[in-house]
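These protein sequences, in sequence, are chains A and B. Going by the UniProt record's numbering, the residue at position 82 of the first sequence is 82; the numbering climbs one at a time, nothing skipped. Going by the UniProt record's numbering, the residue at position 109 of the second sequence is 109; the numbering climbs one at a time, nothing skipped. Cβ coordinates follow ideal geometry from the N, Cα and C atoms, glycine included. Nothing here was measured: the structure is a model prediction, and the numbers come from that model.
There are 2 protein chains.
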Amino acid sequence: MRQEQGTPDGELRYRKVAAELREAIIAGEYAAGTKLPPEGTLAERYGVSRGTVRHALAVLRSDGLVTSRRGTRRTVLGGPRAQSFSELLSFTNWARSIGETPGGRVDSVVRRPAEPFEAGQLGLADGAEVHLVLRVRTLSGEPVMVERSLYPARIGELVAELPPDTVSHTEALVAHGVLFTDADHTIDLAWADADDVRLLDCPPGQVLLRERRRTTDPEGAPVEWSEDRYLPGTIAFTVHNSVAASTLGRHHSPRGGKG
Amino acid sequence: MRQEQGTPDGELRYRKVAAELREAIIAGEYAAGTKLPPEGTLAERYGVSRGTVRHALAVLRSDGLVTSRRGTRRTVLGGPRAQSFSELLSFTNWARSIGETPGGRVDSVVRRPAEPFEAGQLGLADGAEVHLVLRVRTLSGEPVMVERSLYPARIGELVAELPPDTVSHTEALVAHGVLFTDADHTIDLAWADADDVRLLDCPPGQVLLRERRRTTDPEGAPVEWSEDRYLPGTIAFTVHNSVAASTLGRHHSPRGGKG
DNA sequence: TAGTGGTCTAGACCACGCG
DNA sequence: GCGTGGTCTAGACCACTAT
């Protein structure tokens with residue numbers, strides 16, 4: 001049997017199906033609150049197997065576009081859009097996705113031995129060399145965020161060689177073959193220190209929205225650790241989650257329901 | 001062919017495999033940075049098909065426990081990180097998961113026509129009746145968060161009938177058969193208003209960490225809209241994301257703690 | 001009872017990483 | 001070249017929802 005593993009033009013089938021369904025939903029062909037056709041019908045319509053349709057629908061589900069429930073057809077949710085991996089990964093990608101013009105100015109680059117906390121975050125031995133880059137990031141020229149990025153030596157050397165006007169260090173690293181596949185983010189509040197006050201032109205002690213991020217490659221090797229501090233009112237993080245998306249072996253037994 | 005759809009004791013196979021692999025990783029059997037056995041080997045070991053093994057591994061992947069990459073075996077990333085849907089959904093569940101004692105005091109319950117924004121969030125017609133509950137939430141008796149929850153009439157009526165000392169409104173609703181399956185979260189900053197100042201005992205204009213959340217049932221019908229405002233230093237939200245999925249969680253950070 | 005999504009199987013071929 | 005994960009198929013049974 002023929003199964004040429006993707007359409008003739010090189011697209012993967014499940015992605016193609018997902019893309020077409022996504023467009024149909026956004027275009028209003030499937031309005032929020034209405035039901036999607038059954039998997040079997042979609043499989044026939046797109047000329048793929050049911051498994052491939054399910055793969056496509058899983059993508060839409062994890063994006064929060066549709067729900068699913070055994071026994072009934074899938075329901076179309078509104079147009080909620082969680083931030084994609086690349087938008088969460090890089091200030092530049094995020095800014096572009098909202099139609100803004102990102103910018104940045106490097107304030108300082110330091111090359112020094114890692115402190116214990118830093119070594120831990122990057123999975124290095126105490127005292128291993130790290131590169132610390134302090135940058136102020138702008139939207140349409142206005143400072144909105146201070147970024148403190150820490151790189152292990154092998155990555156830092158690439159960063160150090162970038163042209164000073166490079167807007168996206170992340171994209172430049174990707175172009176150099178560095179892979180970013182997983183990231184852990186922590187979001188909370190922080191108080192402006194002297195650097196923040198100077199670079200963001202805000203009052204001392206100003207409360208800022210802080211995002212700390214640790215990014216790894218497919219091998220689990222840390223490639224970047226960063227602490228970003230945003231002025232109030234400049235950013236909001238959005239996330240979608242569902243019972244099905246993050247289900248794990250957490251079975252709550254019978255009906256011991258409490259109030 | 002045999003395919004009894006789950007083990008004899010009623011467990012789903014892919015969950016069982018996922019759970020065993022998770023425990024093995026946490027127990028250190030598969031150390032961080034090492035490789036997992038090939039899918040085929042795992043399939044043989046657990047007596048399931050390769051598809052089921054892949055399903056299990058997809059769960060672990062979306063929890064950030066392992067990565068994957070074509071051509072090489074999966075890499076173990078590290079300990080447990082992701083939090084369950086219910087921990088994210090409810091302050092009570094979250095507090096318990098970190099070993100804290102959650103509490104709450106209802107400040108006011110209002111029943112009135114929805115304003116345009118509220119109607120939009122709950123998918124109701126302008127002026128439809130909604131229930132607004134204002135509560136202060138505590139950890140070990142200390143106020144840490146002000147919660148403004150908005151319910152459509154059919155849900156609000158259930159909430160209104162709850163005993164005044166009900167700690168978890170969410171759990172009570174679940175016990176009444178209300179289904180929570182999807183949530184969209186927005187995290188940013190807000191400034192304390194008069195209610196916040198009064199209930200949290202903080203200075204006027206204090207910057208707070210704000211989480212707004214819209215929760216829907218499997219049909220996509222909104223069941224709750226909530227705006228929660230946390231004192232600085234009391235909470236941190238965590239997100240894990242990868243090219244495949246992202247999971248949001250929240251963590252406790254001791255008051256006044258530094259980063 | 002019919003329809004639908006959830007689970008599972010047993011194959012197959014493809015694309016990538018590495019020795 | 002070979003091992004590995006990624007994609008895809010065709011079919012099956014099960015669990016749940018709605019009629």
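Excluding sequence positions up to five away, which residues of its chain have a Cβ less than 6 Å from the Cβ of residue i?
i, result
"Ser242(A)", "none"
"Glu87(A)", "Asn93, Trp94, Ser97"
"Leu162(A)", "Ala172"
"Asp126(A)", "Pro116, Ala119"
"Val59(A)", "Ala18"
"Arg212(A)", "Thr186, Glu227"
"Thr166(B)", "Ala172"
Checking contacts by CB at 8 Å: is residue i closer than that to chain A?
i, result
"Pro232(B)", "yes"
"Asp188(B)", "yes"
"Pro38(B)", "no"
"Phe237(B)", "yes"
"Val110(B)", "no"
"Ser242(B)", "yes"
"Leu122(B)", "no"
"Leu77(B)", "yes"
"Val133(B)", "no"
"Val144(B)", "no"
Take residue i and list the residues in its own chain whose beta-carbon comes closer than 7 Å to its own, dropping the five residues that flank it on each side.
i, result
"Pro218(A)", "Leu179, Thr181"
"Asp188(A)", "Arg210"
"Arg135(B)", "Gly104, Arg105, Val106, Asp107, Glu147"
"Ala190(B)", "Leu208, Arg210, Arg229"
"Arg22(B)", "Leu60, Leu65"
What are the residues that DSSP puts in a beta bridge with residue i?
i, result
"Leu21(B)", "Paired residues: none, contrary to the question."
"Lys35(B)", "Thr75(B)"
"Tyr151(B)", "His131(B)"
"Thr215(A)", "Ala183(A), Glu224(A)"
"Arg210(A)", "Asp188(A), Arg229(A)"
"Gly103(B)", "Thr138(B)"
Pull up the distance between the alpha-carbon of residue i and that of residue j, whole angstroms please.
i, j, result
"Gly104(A)", "Ala128(B)", "47 Å"
"Tyr14(A)", "Val48(A)", "9 Å"
"Leu208(A)", "Arg148(A)", "14 Å"
"Asp196(A)", "Thr215(B)", "36 Å"
"Val109(B)", "Val76(B)", "49 Å"
"Arg73(A)", "Val66(A)", "10 Å"
"Arg154(A)", "Pro222(A)", "11 Å"
"Glu224(A)", "Ala119(A)", "11 Å"
"Asp184(B)", "Gly33(A)", "16 Å"
"Glu227(A)", "Ser62(A)", "27 Å"
"Ser140(B)", "Pro113(A)", "41 Å"
"Leu122(B)", "Tyr151(B)", "8 Å"
"Ala56(B)", "His169(B)", "33 Å"
"Val174(A)", "Ala194(A)", "32 Å"
"Cys202(A)", "Leu124(A)", "35 Å"
"Leu42(B)", "Gly51(B)", "11 Å"
"Pro204(A)", "Pro102(A)", "25 Å"
"Ser68(B)", "Gly78(B)", "14 Å"
"Lys35(A)", "Ile25(A)", "11 Å"
"Gly177(A)", "Leu158(A)", "11 Å"
"Gln206(A)", "Ala160(A)", "31 Å"
Say the cut is 7 Å; is the CB of residue i nearer than that to a heavy atom of the ligand ATP?
i, result
"Ile235(A)", "Although the ligand ATP was asked about, the structure shown includes no ligands whatsoever."
Sorted by chain position, which residues of the same chain lie with C-beta nearer than 8 Å to residue i's C-beta, five sequence neighbours on each side aside?
i, result
"Val144(A)", "Arg137, Thr138, Leu200, Tyr230, Leu231, Thr234, Ile235"
"Pro164(B)", "Val106"
"Ala27(B)", "none"
"Pro37(B)", "Arg45, Arg73"
"Glu20(B)", "Tyr46"
State yes or no: is the beta carbon of residue i nearer than 8 Å to at least one beta carbon in chain B?
i, result
"Leu12(A)", "no"
"Leu199(A)", "no"
"Leu88(A)", "yes"
"Val207(A)", "yes"
"Pro80(A)", "Confidence in Pro80(A) is poor, its pLDDT being 49 and thus under 50, which makes the residue's placement unreliable; the coordinate value appears in the next sentence. Yes, contact with chain B."
Exercise. Which of the residues in the region 60-72 of chain A, read from start to end, lie with their CB under 7 Å from any CB of chain B?
Worked result: Result list: Ser62, Gly64, Thr67, Arg69.
For this session: Could you name the residues of the region 210-223 of chain B whose beta carbon sits closer than 7 Å to any beta carbon of chain A, in the order they occur along the chain?
Result: Under the 7 Å Cβ criterion, the region 210-223 of chain B contributes Thr216, Pro218, Glu219, Gly220.
For this session: Closer than 7 Å, Cβ to Cβ, to anything on chain A: give me those residues from the region 16-44 of chain B, in chain order.
Result: Residues of the region 16-44 of chain B whose Cβ lies closer than 7 Å to any Cβ of chain A, in chain order: Ala18, Ala19, Arg22, Ala32, Gly33.
For this session: Name, going along the chain, the residues of the region 164-184 of chain A whose beta-carbon falls closer than 7 Å to a beta-carbon of chain B.
Result: Within the region 164-184 of chain A, contact with chain B at the beta-carbon level (separation under 7 Å) is assigned to Thr181, Asp182, Ala183, Asp184.
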